[in-house]
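Report on the following structure.
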């Protein structure tokens, strides 16, 4: 009989195809692209440390230095640029263009690993130097890019494999990083739901009302929200119930599709009704990469994923079935 | 493939940190009486939070290499923050209005904002920080940042007053009875070309 450790290792290292990594790479490429484009007109304003901008960078980076002096930041690039005679404006503009190029590299899967590292580094620099003006989307982008950078790139739909003939041989490592993403999402939703459930406002609908009426999230007319106010307690309870139970119902194949649809719908609603498009998008991307490819999509049934390793079924299915999970 | 034991150790450490950070936030919320749990949980949560903070090296001196290494990892992996967004309740939001005084006696009002909705979302995070902080010097510094950038857009302004207030959203019942959003005055700062800012009033 297998020991717990062996079962754990087999659970954590299933041999898998790289479809999930393709979704993560293309999704994060799109996310970084939209992130950069959405901030194009405000990039200098938000991140400049002198003259034209908000000038909050010095404070953000100063606070960051009290925690750690080696976390990447835009100040490093600006200092480096000044040594070769580049102005802050030029360095920030070049940084923006590099971020855009890294996003395109990820989308195409061209120099995937380098693109992922550059995107992670530059986004992290911006997120940390703009700490005063950062919110949840930056954390989740860092998480996604961090995992992508470490994952066994290139995936099989990338240009790196098509043109440069680079191959990923280690399917167990692919499976491992997918498990990491899956488990991280389970923890995110569990704790998010748990803390929400401790607030009375999520039970009586008050928090739903506040979230929808609170600037700058008040995309919907409050009068419209009030017209449906009897639904607010139900929606509030549903949100934290879906989140808390995510780690339970996302694993069995019978409920995975439903929970994935519920959580994606929730994020679509956040994007549409609260204006948090980038936040909604990153969460949907992470969810689809983690659990989307294990659904029984019609395309799977007609054999599009013909090159999935036989090990996909033999190892991960047998292990998970022993753990009471179908994946 | 990299050795499995090494990856397994990294995996366990990574998720242990995530769980500890998330537990600490939950315990902090309970310990500060911000949840609907009975007060009996408060003392226990406060004690437990101290233990959990120790595990995160939070009680080590800021220069401690262990603390710095841990914080560096948290930042680069994006796991330094817990996941209690809008939890346990949706927080109060704040509004900052600049009163622009021109030399000809004209007065205009302006709300700080970016050029895009994406930037406005980020500035809202800054306003929340301004409203929430209990450190007067930090609040003044942050208001000054926004005041300076507003001033650059209106170079002919002679003096400026920044007024910070919290937004009071009516309850659903109140809204149905016709009550609308109101503001509660919190702080005001005066800025002029000649001298540094001075806080005028505070509650």
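Residue numbers (our numbering), protein chains in the order written: chain Z, 286 to 612; chain H, 3 to 205.
Cβ atoms here follow ideal geometry from the backbone N, Cα and C, with glycine treated the same way.
No experiment lies behind these values; they were computed from the predicted model shown.
The alpha helix (DSSP H) enclosing residue i, as first and last residue numbers
| i | result |
| --- | --- |
| residue 162 of chain H | Premise fails: residue 162 of chain H lies in the beta strand (DSSP E), 159 to 170, not in any alpha helix (DSSP H). |
| residue 350 of chain Z | 342 to 352 |
| residue 21 of chain H | 6 to 33 |
| residue 82 of chain H | No alpha helix (DSSP H) contains residue 82 of chain H, which DSSP labels as neither H nor E. |
| residue 112 of chain H | Taken as a continuous stretch (DSSP letters only), residue 112 of chain H belongs to no alpha helix (DSSP H), being part of the beta strand (DSSP E) at 109 to 112. |
| residue 531 of chain Z | 517 to 534 |
| residue 304 of chain Z | 304 to 323 |
| residue 377 of chain Z | 373 to 393 |
| residue 142 of chain H | 138 to 155 |
| residue 422 of chain Z | 421 to 435 |
| residue 513 of chain Z | First-last for residue 513 of chain Z: undefined, no H or E at that position. |
| residue 56 of chain H | 42 to 57 |
| residue 335 of chain Z | No alpha helix (DSSP H) holds residue 335 of chain Z; DSSP gives it neither H nor E. |
Beta-carbon proximity of residue i to residue j, cut-off 8 Å
| i | j | result |
| --- | --- | --- |
| residue 336 of chain Z | residue 343 of chain Z | no |
| residue 290 of chain Z | residue 357 of chain Z | no |
| residue 149 of chain H | residue 193 of chain H | yes |
| residue 415 of chain Z | residue 87 of chain H | no |
| residue 128 of chain H | residue 315 of chain Z | no |
| residue 547 of chain Z | residue 425 of chain Z | no |
| residue 110 of chain H | residue 163 of chain H | no |
| residue 54 of chain H | residue 43 of chain H | no |
| residue 428 of chain Z | residue 469 of chain Z | yes |
| residue 387 of chain Z | residue 400 of chain Z | yes |
| residue 121 of chain H | residue 327 of chain Z | yes |
| residue 104 of chain H | residue 160 of chain H | yes |
| residue 340 of chain Z | residue 58 of chain H | no |
| residue 494 of chain Z | residue 174 of chain H | yes |
| residue 308 of chain Z | residue 392 of chain Z | no |
| residue 411 of chain Z | residue 332 of chain Z | yes |
| residue 451 of chain Z | residue 439 of chain Z | yes |
| residue 559 of chain Z | residue 509 of chain Z | no |
| residue 96 of chain H | residue 133 of chain H | yes |
| residue 385 of chain Z | residue 408 of chain Z | no |
Interface residues of chain Z facing residue i [CB-CB closer than 7 Å]
| i | result |
| --- | --- |
| residue 92 of chain H | 486, 492, 495, 496, 499 |
| residue 1 of chain H | The structure shown has nothing for residue 1 of chain H, since chain H only spans 3 to 205. |
| residue 1 of chain H | The displayed coordinates of chain H run from 3 to 205. Any statement about residue 1 of chain H would go beyond what the structure contains. |
| residue 177 of chain H | 507, 511 |
Residue i, buried or exposed, once every other Cβ within 10 Å from all chains shown has been counted against 16
| i | result |
| --- | --- |
| residue 465 of chain Z | buried |
| residue 26 of chain H | buried |
| residue 81 of chain H | buried |
| residue 320 of chain Z | buried |
| residue 304 of chain Z | buried |
| residue 592 of chain Z | Unreliable positioning characterises residue 592 of chain Z in this predicted model, as indicated by a pLDDT of 40, which lies under 50. The coordinate reading is nonetheless provided below. Per the 10 Å Cβ criterion, exposed. |
| residue 288 of chain Z | exposed |
| residue 46 of chain H | exposed |
| residue 498 of chain Z | buried |
| residue 565 of chain Z | buried |
| residue 14 of chain H | exposed |
| residue 515 of chain Z | exposed |
| residue 614 of chain Z | It is not possible to answer for residue 614 of chain Z, since the shown part of chain Z is limited to 286 through 612. |
Chain-ordered neighbours of residue i on chain Z, where CB pairs are closer than 9 Å
| i | result |
| --- | --- |
| residue 27 of chain H | 476, 480 |
| residue 64 of chain H | 351, 352 |
| residue 74 of chain H | 352, 353, 354, 355, 356 |
First and last residue of the uninterrupted beta strand (DSSP E) at residue i
| i | result |
| --- | --- |
| residue 399 of chain Z | No beta strand (DSSP E) holds residue 399 of chain Z; the alpha helix (DSSP H) holding it covers 397 to 414. |
| residue 190 of chain H | 184 to 194 |
| residue 88 of chain H | Counting along the chain, residue 88 of chain H falls outside any beta strand (DSSP E), and DSSP gives it neither H nor E. |
| residue 452 of chain Z | It is not in any beta strand (DSSP E) - residue 452 of chain Z carries neither H nor E in the DSSP assignment. |
| residue 98 of chain H | 96 to 104 |
Partners in chain H for residue i, counting only beta-carbon separations shorter than 9 Å
| i | result |
| --- | --- |
| residue 452 of chain Z | Neighbours of residue 452 of chain Z on chain H: none; closest Cβ ~14 Å, over 9 Å. |
| residue 469 of chain Z | 16, 17, 20, 81 |
| residue 323 of chain Z | 118, 119, 120, 121 |
| residue 392 of chain Z | None at all; the shortest Cβ gap to chain H is about 20 Å. |
| residue 407 of chain Z | Per Cβ cutoff of 9 Å: no residues; residue 407 of chain Z is ~13 Å from chain H at best. |
Within chain Z, the residues that residue i reaches when beta carbons sit closer than 8 Å
| i | result |
| --- | --- |
| residue 6 of chain H | 294, 298 |
| residue 188 of chain H | Within chain Z, no residue comes near residue 188 of chain H; the closest Cβ sits about 16 Å away, beyond 8 Å. |
| residue 165 of chain H | Chain Z residues near residue 165 of chain H: none, gap ~16 Å exceeds 8 Å. |
Listed by chain order, chain H residues near residue i by CB distance under 7 Å
| i | result |
| --- | --- |
| residue 514 of chain Z | 174 |
| residue 418 of chain Z | 124, 125, 127, 128 |
| residue 558 of chain Z | Here the premise fails: no neighbours, minimum Cβ distance about 14 Å. |
| residue 572 of chain Z | Going along chain H, no residue has its Cβ under 7 Å from residue 572 of chain Z, so there is no contact; the nearest lies around 14 Å. |
| residue 326 of chain Z | 117, 118 |
Chain-ordered neighbours of residue i on chain H, where CB pairs are closer than 8 Å
| i | result |
| --- | --- |
| residue 561 of chain Z | 123 |
| residue 341 of chain Z | 128, 144, 147 |
| residue 553 of chain Z | Result: empty, since nearest Cβ-Cβ is about 17 Å, beyond 8 Å. |
Any non-hydrogen atom of the ligand GTP closer than 7 Å to residue i Cβ
| i | result |
| --- | --- |
| residue 115 of chain H | Annotation note on the ligand GTP: not contained in the displayed structure, which lists no ligands. |
Closer than 7 Å between beta carbons: that is the criterion. Which residues of the region 114 to 135 of chain H meet it against chain Z? 116, 117, 118, 119, 120, 121, 122, 123, 124, 125, 126, 127, 128, 131
Just by C-beta distance, which residues in the region 352 to 385 of chain Z are closer than 8 Å to chain H? 352, 353, 354, 355, 356, 357
Return the residues of the region 31 to 56 of chain H that lie within a Cβ-Cβ distance of less than 9 Å from chain Z, sorted by chain order. 31, 32, 36, 37, 38, 39
Contacting positions in the region 438 to 465 of chain Z - beta carbon closer than 7 Å to chain H: 455, 457, 458, 461, 465
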